[in-house]
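Protein chains in written order, with my numbering: chain A, 22 to 446; chain H, 22 to 446. All C-beta atoms, glycine included, are put in the ideal place defined by N, C-alpha and C. Because the structure is a prediction, the values reported are computed rather than measured.
Protein chains: 2
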Amino acid sequence: MTQVLAARAGKVTPEMEAVAAAEKLAVEVVREGVAAGNIVIPRNIYRKAIRTCGIGKGLRVKVNALIGTSSDRDQIGMEARKLAVAEAAGCDAIMDLSTGGDIDEMRRTSLAKANVPVGSVPVYQAVIEAIEKRGSIVAMTAEDIFAAVEKQAADGIDFMAIHSALNFDVLKSLQTDGRVTDVVSRGGAFLTGWMLHNRMENPLYEQFDRLLTILKAYDVTLSLGDAIRPGSTADSLDGAQLQGMIVAGRLAARARAAGVQVMVEGPGHVPLHHAEATILLQKRLCRDAPYFILGLLATDVAPGYDHITAAVGGALAAAAGADFLCCVTPAEHLGLPNEDDVKDGVVAARIAAHAADLARGVRAAWERDLRMAQARVARDAEGQIKEAIDPGKVRAALMEGHGEECAICGRECAVRAASAYFGLA
Amino acid sequence: MTQVLAARAGKVTPEMEAVAAAEKLAVEVVREGVAAGNIVIPRNIYRKAIRTCGIGKGLRVKVNALIGTSSDRDQIGMEARKLAVAEAAGCDAIMDLSTGGDIDEMRRTSLAKANVPVGSVPVYQAVIEAIEKRGSIVAMTAEDIFAAVEKQAADGIDFMAIHSALNFDVLKSLQTDGRVTDVVSRGGAFLTGWMLHNRMENPLYEQFDRLLTILKAYDVTLSLGDAIRPGSTADSLDGAQLQGMIVAGRLAARARAAGVQVMVEGPGHVPLHHAEATILLQKRLCRDAPYFILGLLATDVAPGYDHITAAVGGALAAAAGADFLCCVTPAEHLGLPNEDDVKDGVVAARIAAHAADLARGVRAAWERDLRMAQARVARDAEGQIKEAIDPGKVRAALMEGHGEECAICGRECAVRAASAYFGLA
Chain A
22 MTQVLAARAG
32 KVTPEMEAVA
42 AAEKLAVEVV
52 REGVAAGNIV
62 IPRNIYRKAI
72 RTCGIGKGLR
82 VKVNALIGTS
92 SDRDQIGMEA
102 RKLAVAEAAG
112 CDAIMDLSTG
122 GDIDEMRRTS
132 LAKANVPVGS
142 VPVYQAVIEA
152 IEKRGSIVAM
162 TAEDIFAAVE
172 KQAADGIDFM
182 AIHSALNFDV
192 LKSLQTDGRV
202 TDVVSRGGAF
212 LTGWMLHNRM
222 ENPLYEQFDR
232 LLTILKAYDV
242 TLSLGDAIRP
252 GSTADSLDGA
262 QLQGMIVAGR
272 LAARARAAGV
282 QVMVEGPGHV
292 PLHHAEATIL
302 LQKRLCRDAP
312 YFILGLLATD
322 VAPGYDHITA
332 AVGGALAAAA
342 GADFLCCVTP
352 AEHLGLPNED
362 DVKDGVVAAR
372 IAAHAADLAR
382 GVRAAWERDL
392 RMAQARVARD
402 AEGQIKEAID
412 PGKVRAALME
422 GHGEECAICG
432 RECAVRAASA
442 YFGLA
Chain H
22 MTQVLAARAG
32 KVTPEMEAVA
42 AAEKLAVEVV
52 REGVAAGNIV
62 IPRNIYRKAI
72 RTCGIGKGLR
82 VKVNALIGTS
92 SDRDQIGMEA
102 RKLAVAEAAG
112 CDAIMDLSTG
122 GDIDEMRRTS
132 LAKANVPVGS
142 VPVYQAVIEA
152 IEKRGSIVAM
162 TAEDIFAAVE
172 KQAADGIDFM
182 AIHSALNFDV
192 LKSLQTDGRV
202 TDVVSRGGAF
212 LTGWMLHNRM
222 ENPLYEQFDR
232 LLTILKAYDV
242 TLSLGDAIRP
252 GSTADSLDGA
262 QLQGMIVAGR
272 LAARARAAGV
282 QVMVEGPGHV
292 PLHHAEATIL
302 LQKRLCRDAP
312 YFILGLLATD
322 VAPGYDHITA
332 AVGGALAAAA
342 GADFLCCVTP
352 AEHLGLPNED
362 DVKDGVVAAR
372 IAAHAADLAR
382 GVRAAWERDL
392 RMAQARVARD
402 AEGQIKEAID
412 PGKVRAALME
422 GHGEECAICG
432 RECAVRAASA
442 YFGLA
């Protein structure tokens with residue numbers, strides 16, 4: 022029985038209890054959220070014990086990190102180290118996006134090492150194997166795709182990004198209106214190429230019930246991939262994007278009806294004044310399904326710093342209702358991320374998530390900010406280190422400092438000058 | 022004649038023309054903005070030729086960088102290098118906040134080397150000299166303060182942060198309501214200590230007309246310092262902050278009436294859902310004076326990454342109407358910034374400013390994003406380098422890459438897979 026079916030039957034699962042405890046909520050609130058489809062708890066029935074992660078309405082905003090081999094760099098060891106870096110930096114989930122080397126071995130390594138939910142994009146493996154076995158992406162068959170989904174589900178993958186919300190209506194919209202950056206989603210681009218070459222509908226759309234049957238058997242959470250997310254601010258909120266949202270909304274409803282947990286993925290490059298409308302429309306059209314975003318990248322012109330552009334847009338989007346932030350690293354648009362990039366991406370996304378939690382009124386977030394402010398006033402270095410998003414960095418910086426003296430103003434300490442008169446500790 | 026008096030007399034100055042050209046606006050729009058006090062052009066009449074910088078309504082959001090010696094580290098050479106780094110990274114103005122070593126020499130170095138407007142906080146020098154000459158901050162006299170203002174104006178300083186909007190009404194509000202972090206503004210803290218110890222009103226408030234006379238003589242732009250900006254998210258939008266805004270609004274009106282260009286400074290630590298109200302109230306109470314903010318820091322808990330927390334809050338604030346972003350470096354709350362920190366702070370603030378320009382509908386910003394997106398689709402490395410906020414970083418990363426191949430997806434290029442079917446360039 023999946024989490025959503027259990028919740029609808031009035032049953033509280035250990036996973037719901039774990040989420041309630043982590044979020045300091047009554048378990049009934051979590052059960053109701055799961056039953057309504059506003060909360061998902063990604064957890065394959067065959068997955069080993071992990072730190073449970075609830076995503077959705079009323080919960081802390083969560084952060085996902087990306088790892089994975091590529092055809093240019095397929096070392097499993099390096100990706101395993103990135104996984105460890107991402108977890109140490111505080112991510113709530115991991116996606117293994119491998120497209121190079123031994124993809125099966127990498128996935129099993131990710132599942133064995135991660136203490137958080139692990140997601141994947143099965144179509145990547147289907148594409149790579151089609152190239153290897155049949156010589157090209159367009160020679161891939163529907164059977165290849167579903168075989169990859171089934172294999173990865175059987176391995177224990179907790180959530181899967183699957184681009185079912187791409188069909189010929191969406192592509193027609195793309196072709197009619199035109200765009201600056203047509204398709205920048207990797208999975209979306211593979212499927213678009215496949216559909217247009219073969220003049221066949223997307224199997225993940227056409228055989229959606231077949232997909233649901235597999236996911237339900239393992240309680241894999243479906244993450245409806247945003248195949249046509251805008252890849253530039255110029256393309257944000259165009260007809261094709263909205264067409265994709267409409268399709269995703271209908272599929273989300275079908276997944277729920279089938280007892281499959283579902284969240285929906287979103288952009289992408291979005292200027293700040295589009296952020297609220299983007300979230301509103303997604304939540305409206307997708308029946309308040311949890312919203313998983315890659316960004317929002319608030320501008321196109323900052324390659325090398327896209328962890329910052331994503332923190333800017335991600336914070337605003339999460340404050341407006343997005344539930345799950347996918348890390349963007351400084352290497353986005355430039356190349357493959359290294360371990361430092363992964364850490365920077367997770368930290369920036371956690372800042373965005375926490376800033377949004379404050380705006381959403383999450384009590385634990387306010388308590389943490391308050392403890393940090395009090396530690397600053399008290400010049401309590403250990404207190405500041407404890408509350409920091411990156412305690413190691415703060416410890417190193419404060420230890421370089423002046424011992425009893427704060428390093429910032431030296432003897433002309435501003436806080437001390439005034440606090441002497443306010444009788445502060 | 023100051024810029025604002027010239028504008029009111031219907032005269033177009035070379036500075037207004039330079040701003041109009043840089044912003045691609047009709048010069049009459051700029052003149053009207055200066056006349057109304059919605060735009061300032063910081064430029065001391067004795068300052069050498071510099072890149073003119075207009076700040077305010079209808080203009081690009083601008084970025085200010087901070088440099089300055091301290092009692093712990095007074096090397097003028099290092100601060101001059103930071104100035105060069107900040108300008109190379111694209112800041113629009115510099116403030117020299119020196120409090121150590123030869124403050125006069127440092128200021129003259131800043132003015133000689135900078136090609137952008139240079140600001141200062143004269144009370145810092147008055148405080149340091151009071152400690153040296155009289156043994157303590159509280160022994161400082163009103164004459165010391167005004168002498169520092171006059172000396173710095175005569176040297177050519179273009180804009181000055183002056184904490185005139187701090188008076189006993191504001192301190193009473195602070196004491197009545199209480200706060201987590203009472204006073205975190207350095208100038209505000211010095212003056213608070215001085216006022217409470219001496220039981221005397223703030224000279225910069227009490228003798229405001231005397232201040233205006235000096236500033237007007239040199240056309241120094243007054244930047245009304247936010248002496249009681251919130252130093253924690255818990256203190257945002259409290260009574261003391263609003264009391265300070267009310268006082269600042271009245272003083273801004275008096276400055277304008279006297280023919281002195283004026284902008285107003287603001288927070289500080291502000292949770293995201295307070296950002297719009299903060300800007301709205303400031304603009305309302307301060308008669309649409311240009312708004313110069315330090316942040317907004319969207320959370321307290323990310324020391325080591327406050328350039329990111331400031332980019333998050335700064336972008337949102339600027340989209341809502343803030344005009345001038347003061348860089349916050351990764352070293353904020355931890356120690357003194359080095360050259361890399363200054364660069365990171367400027368880049369992050371420029372990302373926030375540009376994201377806000379997009380939201381504000383600045384045409385040049387949209388054109389730049391579009392050129393970047395087109396360069397990506399065309400896999401035009403030089404085009405991407407040219408449009409990037411940090412071209413050097415992009416060049417280095419792309420050169421590390423794969424030549425004709427893009428480094429991101431390797432042979433499974435997503436953009437190529439789809440674009441083959443869309444007939445893109």
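{"Asked": "Mind checking if ALA41/H is an interface residue toward chain A, Cβ cutoff 8 Å exclusive?", "Found": "no"}
{"Asked": "Going straight from the alpha carbon of GLU425/A to that of ALA417/A, what length do you get?", "Found": "In this prediction, GLU425/A scores a pLDDT of 49, lower than 50, which makes its location untrustworthy; the coordinate-derived value is nonetheless stated afterwards. Each residue's alpha carbon lies about 15 Å from the other."}
{"Asked": "Does the Cβ-Cβ distance between ALA248/H and GLY209/H come in under 8 Å?", "Found": "yes"}
{"Asked": "Any chance you could list the beta strand (DSSP E) runs of at least 3 consecutive residues sitting entirely within the stretch 307-341 of chain A, in chain order?", "Found": "312-314"}
{"Asked": "Answer yes or no: does any C-beta atom of chain H fall closer than 8 Å to that of GLY424/A?", "Found": "In this prediction, GLY424/A has a pLDDT of 49, which is less than 50 and means its spatial position is unreliable; nothing more can be read from the coordinates."}
{"Asked": "List, in chain order, every chain H residue whose beta-carbon is nearer than 9 Å to that of GLU421/A.", "Found": "LEU355 and GLY356"}
{"Asked": "Is GLY424/H helix, strand or coil when you go by DSSP?", "Found": "Low confidence applies to GLY424/H: its pLDDT is 49, below 50, so where it sits in the model is not reliable enough to give any reading."}
{"Asked": "In three-state DSSP terms, what is PHE345/A?", "Found": "strand"}
{"Asked": "Residues of chain A with a CB under 8 Å from the CB of VAL201/H: which are they?", "Found": "LEU391, ALA394, GLN395 and VAL398"}
{"Asked": "Between SER244/H and LEU272/H, what straight-line distance do the alpha-carbon atoms span, to the nearest angstrom?", "Found": "11 Å"}
{"Asked": "Strictly under 8 Å for the Cβ-Cβ distance: is HIS184/H near chain A by that measure?", "Found": "no"}
{"Asked": "On the DSSP bridge list, what partners appear for ASP247/A?", "Found": "ASP247/A pairs with nothing; no bridge assigned."}
{"Asked": "Per DSSP, which one or two residues make a beta bridge with VAL139/H?", "Found": "ILE115/H"}
{"Asked": "Since ALA338/A contacts ILE300/A with CB under 8 Å, what's their CB separation in whole angstroms?", "Found": "6 Å"}
{"Asked": "Please compile the residues from chain H whose C-beta is within a distance smaller than 7 Å of the C-beta of ILE414/A.", "Found": "According to the sequence as given, residue 414/A is Lys; it is not Ile. Neighbours of LYS414/A on chain H, chain order: GLY325."}
{"Asked": "May I ask you to report which of helix, strand or coil DSSP gives SER194/A?", "Found": "helix"}
{"Asked": "Using the C-alpha atoms, what's the distance from ALA56/A back to ARG29/A?", "Found": "5 Å"}
{"Asked": "Count the other C-beta atoms from every protein chain shown that fall within 10 angstroms of the C-beta of SER194/A, then say buried if there are 16 or more, exposed otherwise.", "Found": "buried"}
{"Asked": "By Cβ distance, which residues of its chain are closer than 7 Å to ASP176/H, with the 5 residues on each side in sequence left out?", "Found": "ARG128, ARG129 and LEU132"}
{"Asked": "Mind checking if GLN405/A is an interface residue toward chain H, Cβ cutoff 8 Å exclusive?", "Found": "yes"}
{"Asked": "Quick check: what's the CA-CA separation for ASN136/A versus PRO351/H?", "Found": "30 Å"}
{"Asked": "How big is the Cα-Cα spacing for GLY280/H and PHE189/H?", "Found": "27 Å"}
{"Asked": "Grouping DSSP H, G and I as helix and E and B as strand, with all else coil, what is LYS103/H?", "Found": "helix"}
{"Asked": "Quick one: residues in its chain with C-beta nearer than 7 Å to the C-beta of GLY54/A, no 5 flanking neighbours on either side, listed in chain order?", "Found": "ILE60, GLY77, LYS78 and GLY79"}
{"Asked": "Under the assumption that ALA211/H contacts VAL144/H (Cβ atoms under 8 Å), give the Cβ distance between them as a whole number of angstroms.", "Found": "Sequence check: residue 211/H is Phe here, not Ala. Right, their Cβ atoms sit about 6 Å apart."}
{"Asked": "Beta-carbon separation of ILE329/A and ALA101/H under 8 Å?", "Found": "no"}
{"Asked": "Taking Cβ-Cβ distances shorter than 8 Å, what residues in chain H pair up with LEU194/A?", "Found": "One point to set straight first is that residue 194/A is Ser, not Leu, in the sequence displayed. Here the premise fails: no neighbours, minimum Cβ distance about 13 Å."}
{"Asked": "I need the DSSP call for HIS290/H, collapsed to helix, strand or coil.", "Found": "strand"}
{"Asked": "Closer than 7 Å: is that where the CB of GLU360/H sits relative to any heavy atom of the ligand ATP?", "Found": "Although the ligand ATP was asked about, the structure shown includes no ligands whatsoever."}
{"Asked": "Are the CB atoms of PRO63/H and ALA114/H nearer to each other than 8 Å?", "Found": "yes"}
{"Asked": "Quick check: what's the CA-CA separation for VAL148/A versus ILE314/A?", "Found": "24 Å"}
{"Asked": "Would THR162/H pass as an interface residue toward chain A - the criterion being a Cβ-Cβ separation below 8 Å?", "Found": "no"}
{"Asked": "Counting only Cβ pairs nearer than 7 Å, list the residues of chain A close to GLU408/H.", "Found": "VAL322"}
{"Asked": "Span of the beta strand (DSSP E) holding ILE124/H?", "Found": "From DSSP, ILE124/H is part of no beta strand (DSSP E) but of the alpha helix (DSSP H) over 124-134."}
{"Asked": "If you measure between the beta carbons of MET284/A and PHE345/A, is that distance less than 8 Å?", "Found": "yes"}
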